[in-house]
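What follows is one structure encoded as structure tokens, with my remarks underneath.
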Amino acid sequence: MKKFLTPDAYVNSFYDITPEMLKNKGISGLILDVDNTLVATHIKEADEKVISFIRSLKEHGIKAIIVSNGGKRRVELFCEPLDIDYIYKAHKPLGSGFKKAIEKMGLTNKEVAILGDQLFTDVLGGNLQGIYTILIKPIDLNEPFLIKIKRVFEKPFLKNKKFINKL
């Protein structure tokens, strides 16, 4: 079980990831979570930093797709300025959202990474699918109650782990 809850890499922020880093790992597609990965949960729209990050990925030939457990309206509104595919109500960590994303990108599992802030959804789901997993430090710790409960259970798995600025 522990191996499925261990990410391949840890980063402080999505700003720390470059297309070159991804390419050096053989990654051609990036699955992205939204809440507390790209923006704080209470932020409803993609900001300029997110738009610039997605643009940079595209310019370097890295495909990007949003996979979120959030609802349709939330995810659509966020993705509108990004001009990328998305999957809402993905039911992470179950595999269907990940499989759909990989299929939409036209890639294999080994060519894809996921960037997310939660062990029990993003990392577990990614590892179960055999994709490269990148755990990001949550943007905002002012989270809904159920997420705070999950964070308590994540702590033992993150003990002695340091978030780094490289893959």
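With the sequence shown counted from 1, adding 1024 to any position gets you the numbering used here.
Don't be surprised by glycine CBs; every beta carbon is placed ideally from N, CA and C.
Opposing strand residues paired with residue i [DSSP bridges]
i, result
"T1132", "Paired residue(s): none; T1132 is not in a bridge."
"Y1034", "L1159"
"G1140", "L1159"
Burial state of residue i, where buried means 16 or more other Cβ atoms lie within 10 Å
i, result
"T1145", "buried"
"E1127", "exposed"
"D1107", "exposed"
"F1177", "exposed"
"E1069", "exposed"
"D1059", "buried"
"G1094", "buried"
Through-space distance from residue j to residue i, alpha-carbon basis
i, j, result
"L1046", "S1052", "7 Å"
"V1136", "F1122", "10 Å"
"C1103", "I1163", "18 Å"
"G1150", "Q1142", "11 Å"
"N1189", "L1062", "With a pLDDT of 49 at N1189, under the threshold of 50, the modelled position of this residue cannot be trusted; read the value that follows with caution. Going from the Cα of N1189 to the Cα of L1062 covers about 16 Å."
"A1033", "R1097", "31 Å"
"L1101", "S1076", "17 Å"
"K1161", "G1154", "22 Å"
"K1113", "D1057", "12 Å"
"A1125", "Y1110", "8 Å"
Collapsed DSSP secondary structure at residue i in the structure displayed
i, result
"V1099", "helix"
"D1146", "helix"
"I1090", "strand"
"L1170", "helix"
"Y1112", "coil"
Proximity below 9 Å, CB of residue i to CB of residue j
i, j, result
"L997", "P1117", "Absent from the model: residue 997. The displayed extent of the chain is 1025 to 1191, so no value can be given."
"L1165", "F1038", "no"
"T1030", "S1080", "no"
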